[in-house]
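Below you'll find the structure, written out as structure tokens, and then a few comments.
2 protein chains.
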Amino acid sequence: MTKQTQRAECTKGVEWDRCYAQRTQRVTSSAIREILKITQQPEIISFAGGLPASEFFLAHELEAACHHVLSNEAQKALQYGVTEGYPPLKAYLVDKMRKYGIVAEEDNILITNGSQQALDLVGRIFIDSGDVVLIEAPTYLGALQAWNIYGPRYVTVPLDDEGMRVDQLENILKQEPVKFIYVLPNFHNPAGVTLSLERRKKLVEIAARHKVFVVEDDPYGELRFEGEDLPPLVTLDGSVLYLSTFSKILSPGMRLGWITAPKEVINKLVQAKQGADLHTSTFVQMVANDICRRDLLHPHVLKLRQIYKERRDTMLASMEKYFPPGVRWTRPQGGLFLWVTLPEHVDTTEFLKVAVEEKVAFVPGPAFYPDGRGRNCMRLSFSNVTPQVIEEGIRRLGQALVREFG
Amino acid sequence: MTKQTQRAECTKGVEWDRCYAQRTQRVTSSAIREILKITQQPEIISFAGGLPASEFFLAHELEAACHHVLSNEAQKALQYGVTEGYPPLKAYLVDKMRKYGIVAEEDNILITNGSQQALDLVGRIFIDSGDVVLIEAPTYLGALQAWNIYGPRYVTVPLDDEGMRVDQLENILKQEPVKFIYVLPNFHNPAGVTLSLERRKKLVEIAARHKVFVVEDDPYGELRFEGEDLPPLVTLDGSVLYLSTFSKILSPGMRLGWITAPKEVINKLVQAKQGADLHTSTFVQMVANDICRRDLLHPHVLKLRQIYKERRDTMLASMEKYFPPGVRWTRPQGGLFLWVTLPEHVDTTEFLKVAVEEKVAFVPGPAFYPDGRGRNCMRLSFSNVTPQVIEEGIRRLGQALVREFG
Chain H
0 MTKQTQRAEC
10 TKGVEWDRCY
20 AQRTQRVTSS
30 AIREILKITQ
40 QPEIISFAGG
50 LPASEFFLAH
60 ELEAACHHVL
70 SNEAQKALQY
80 GVTEGYPPLK
90 AYLVDKMRKY
100 GIVAEEDNIL
110 ITNGSQQALD
120 LVGRIFIDSG
130 DVVLIEAPTY
140 LGALQAWNIY
150 GPRYVTVPLD
160 DEGMRVDQLE
170 NILKQEPVKF
180 IYVLPNFHNP
190 AGVTLSLERR
200 KKLVEIAARH
210 KVFVVEDDPY
220 GELRFEGEDL
230 PPLVTLDGSV
240 LYLSTFSKIL
250 SPGMRLGWIT
260 APKEVINKLV
270 QAKQGADLHT
280 STFVQMVAND
290 ICRRDLLHPH
300 VLKLRQIYKE
310 RRDTMLASME
320 KYFPPGVRWT
330 RPQGGLFLWV
340 TLPEHVDTTE
350 FLKVAVEEKV
360 AFVPGPAFYP
370 DGRGRNCMRL
380 SFSNVTPQVI
390 EEGIRRLGQA
400 LVREFG
Chain A
0 MTKQTQRAEC
10 TKGVEWDRCY
20 AQRTQRVTSS
30 AIREILKITQ
40 QPEIISFAGG
50 LPASEFFLAH
60 ELEAACHHVL
70 SNEAQKALQY
80 GVTEGYPPLK
90 AYLVDKMRKY
100 GIVAEEDNIL
110 ITNGSQQALD
120 LVGRIFIDSG
130 DVVLIEAPTY
140 LGALQAWNIY
150 GPRYVTVPLD
160 DEGMRVDQLE
170 NILKQEPVKF
180 IYVLPNFHNP
190 AGVTLSLERR
200 KKLVEIAARH
210 KVFVVEDDPY
220 GELRFEGEDL
230 PPLVTLDGSV
240 LYLSTFSKIL
250 SPGMRLGWIT
260 APKEVINKLV
270 QAKQGADLHT
280 STFVQMVAND
290 ICRRDLLHPH
300 VLKLRQIYKE
310 RRDTMLASME
320 KYFPPGVRWT
330 RPQGGLFLWV
340 TLPEHVDTTE
350 FLKVAVEEKV
360 AFVPGPAFYP
370 DGRGRNCMRL
380 SFSNVTPQVI
390 EEGIRRLGQA
400 LVREFG
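These protein sequence lines are chains H and A, in that order.
Each residue of the first sequence is one higher than the one before, counting from 0 in numbering that gives the first Met the number 0.
Each residue of the second sequence is one higher than the one before, counting from 0 in numbering that gives the first Met the number 0.
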């Protein structure tokens, strides 16, 4: 008997299905995971994942940063660090956020493994099973994936071209014991829309009156390529938990994000993170800090705005050219995504199979709803595909749409 | 009114204490965090944290690895990756573990942010509130911190010089609905003892008979500096979940560990990790993989064994020299820690305050128990202090012991 069969046979002894915690039953989907897998097939033109443009990563600058960190401070960079995050990086973030009007001290910041971990930690310290969380519909699917395991009940508010329909908030908050409101104000994922200034003010006013806090997720705020910056909600009310990340402005593969919150909330989040993984990679934090301190990030962001604007423009023009009548889409002023609404009878989950045969991919709408809505919608990302390839991909998609539903 | 005061005032609107999830009430201690803070004060000789020797980190080799990765594969290293882990690193781990008799395929492995995240994910998918988890007493405090939030009830088995008192298992398993058994077989943290071969066999036999699975935590297994390697439990029973890490053999600051388990368990863990933080840093995984593929890790481990053996020897000899009669300690054959038992009337939590005044630190025993036992015990780590400084630190500790309890 080989060891391999020994392993397999012994495994039968444990009835795993009876061992899993009840909360695991709430986790059924693995949409992001499957998206990431599709995007790794090189022959497919993928508008699916929200991947930054790989060809512009600051490879050379990051190599120099690794050199600086490892030749000067290796003993610190490779050793355990504090859970809160590398202090000089937090100090940099204090300055960075001040430029956007966000007043924070280092103690208001926790460094996380990307925004996804910040979402998980928020769920971990705030969501008891059955708690009501108010979300936009559609909303970021990673937030649903982070929170589902904690068993919230979602109540949804629709979006229009100016973001969340804040006029519907008051009624919901009167009727439902909402614990917090989750909002993506800038270049919404997946919808591509931006919350207007008037609605921002109204949202924090209503939330404060009902003593409900707001979780503001802002991964794309710096990637505005037209129009004026609007104030983050956290500048209007200090009880807002503000999440952001280096994923879209430096590198998602480094896994580096942060959350800004009142100090007592940060203390709870730090306890939660300590149990979850002790701390975020010291080495990665120090390398990112080196890049930031050499002022390499802002010029890079300016460049990314140009690149993504061109890609958005190409996608919008290609959709005008190739999509059949009856299809609508949003026109984002920044970020990576736009949202397409097809005629009522189209099922985008079914259509994805056709599209993948045509070697083009997107994310079907229902992934962004907690309840299966969005059946005739899809999210397209324009960030990680060159303009020429965007046109070809949209042509394929338009051709398949015309053939299937046209 | 400045923005700063505006922030503070607005924050008063939300009653945070009423917002936190019930599970956060289970998290009260933050022992590791406080330890890491003490160890950052340079004037203190710290035997507290389980920190590897910083001065031997492979700084130069890691710098070369960063160069290789960023000059050849930056677009992959800096981009999103799959949740399961970087496939070449998983393939390396398959080969590495085979040398210790562990039969695994890539699908049996999940890469995590250090072992701490593997512990958290195990808790997340297996522990419902009230579930019984069988632990050693004392046990790794990071496991308690990872799991407390999920609300287990701990049942404990004592240790002796041959590790867990496996002879007590049968009775406990007959009386308690144990979900899993958590064991640190090699150079136990904090106890420094190693589970004998006979007990390893008996443990997996009893567990299998009761259809209870085992979580085997093995961060130090390669750091054996005397005696013969003993088979990991997972080589005796394929249902064992086996956790290990690069933290003690390469760098804890990189945050890189892994868990080996039956494929269906890995699938559940992957879903959990996806919600928790999407994936472990692609960049860090690729840099570690480069080090491994150049065969730089094993020679480094051989060197660490020498260094830690010398430090252990110095600590043992210094304790003989400076500690008063009536103090006992373990004699580890590997790893980073040993465990000191003081006379019954000594309270090490109180004594720590005296020790810190003398500029020497350790971890008091109760941190390693779920129920406040270990009052007269302490953990000493010999890994991150040079022999000369070890002797001085033990001299200070012995002097304080004589003075206080003499």
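We put the CB at the ideal spot given by N, CA and C, even for glycine.
When Glu263/A, Thr385/A, Val211/A are compared against Lys308/A, the one with the closest alpha-carbon: The shortest Cα separation from Lys308/A among Glu263/A, Thr385/A, Val211/A belongs to Thr385/A.
Where the alpha helix (DSSP H) containing Glu169/H begins and where it ends: 168 to 174
Own chain, CB closer than 6 Å to Leu341/A, minus 5 neighbours either side, in chain order: Val326, Asn375
Three-state secondary structure (DSSP) of Tyr19/H: The answer is coil: DSSP assigns Tyr19/H none of H, G, I, E or B.
Closer than 7 Å: Glu227/A CB and nearest the ligand NAP heavy atom: Absent from the structure shown: the ligand NAP. Ligands present: none.
Span separating the alpha-carbon of Gln144/H from that of Arg25/H: The alpha-carbon atoms of Gln144/H and Arg25/H are separated by roughly 10 Å.
Counterpart residues of Thr340/A in DSSP-defined beta bridges: Thr340/A is bridged to Arg327/A, Cys376/A.
Any C-beta of chain D under 8 Å from that of Lys178/A: Considering every chain present, this structure includes no chain D. Its protein chains are H and A.
Assigned exposure category for Glu215/H - 16 Cβ within 10 Å defines buried: buried
Reference Tyr85/A; option with closest CA among Glu349/A, Gly256/A, Glu60/A: The candidate whose alpha carbon is nearest that of Tyr85/A is Gly256/A.
Identity of the residue in Ile148/H, Ile126/H, Ile124/H, Tyr153/H nearest Thr138/H by Cα: Minimum Cα distance to Thr138/H is reached at Tyr153/H.
Neighbour flag for Met253/H against chain A, beta carbons, 8 Å: yes
Interface partners of Arg409/A on chain H, CB under 8 Å: With chain A represented from 0 up to 405, any question about residue 409/A goes unanswered, as that position is not in the structure.
Cutoff 8 Å; reference Glu169/H; Cβ partners in own chain excluding five residues on either side: Ile205
Inter-residue spacing [alpha-carbon to alpha-carbon] between Leu118/A and Tyr181/H: 29 Å
Arg152/H - DSSP class collapsed to helix/strand/coil: strand
Three-state secondary structure assigned by DSSP to Ser128/H: coil
Residues within the stretch 115 to 126 of chain A neighbouring chain H, beta-carbon criterion of under 8 Å: Gln115, Gln116, Asp119, Arg123, Ile124, Phe125, Ile126
Residues of the stretch 54 to 69 of chain H with Cβ closer than 7 Å to any Cβ of chain A, in chain order: Glu54, Phe56, Ala58, Leu61, Glu62, Cys65, His66, Leu69
Endpoints, the alpha helix (DSSP H) within which Tyr91/H is located: 86 to 97
Any C-beta of chain H under 8 Å from that of Ser238/A: yes
Contact set between the stretch 281 to 313 of chain A and chain H, restricted to residues whose Cβ is under 7 Å from the partner: Thr281, Phe282, Val283
Nearest-angstrom Cβ-Cβ length linking Gly252/H and Tyr79/A, presumed shorter than 8 Å: 6 Å
Amino acids of chain A, ordered along the chain, whose beta-carbon sits closer than 7 Å to that of Asn112/H: Asn112, Asp276
Short Cβ contact (8 Å threshold) for Phe46/A with Phe350/A: no
Opening and closing residue of the beta strand (DSSP E) in which Ser414/H lies: This structure leaves residue 414/H out entirely; chain H is present only between 0 and 405.
Leu295/H vs Val264/H beta-carbon contact at 8 Å: No, the Cβ-Cβ distance between Leu295/H and Val264/H is not below 8 Å.
Check whether Phe56/H and Leu77/A have beta carbons under 8 Å apart: yes
Local Cβ density within 10 Å of Lys173/H, reported as buried at 16 or more and exposed below that: exposed
Own chain partners of Val177/H with C-beta closer than 6 Å, once the 5 adjacent residues on each side are dropped: Once the five neighbours on either side are set aside, the close Cβ partners of Val177/H are Val131, Leu133, Val211.
Neighbour list for Trp15/H in chain A, Cβ cutoff strictly below 9 Å: Within 9 Å Cβ-Cβ: Phe212, Ser238, Pro261, Glu263, Val264, Lys267.
Where Ile148/H meets chain A, residues with beta-carbon distance less than 8 Å: Arg123, Ala271, Gly274
Neighbour flag for Ile31/H against chain A, beta carbons, 8 Å: Summary for Ile31/H: the model assigns pLDDT 49, below 50, so the residue's position carries little reliability; its value from the coordinates is reported in the next sentence. It does; some Cβ of chain A falls within 8 Å.
Nearest candidate by alpha-carbon position, reference Glu357/A, set Gly122/A, Trp15/A, Arg17/A, Ile44/A: Ile44/A
Buried versus exposed call for Asn383/A [16 or more other C-beta atoms within 10 Å across all chains shown]: Here Asn383/A is buried, its C-beta having at least 16 other C-beta atoms within 10 Å.
Distance, Phe367/H Cα to Leu140/H Cα: 5 Å
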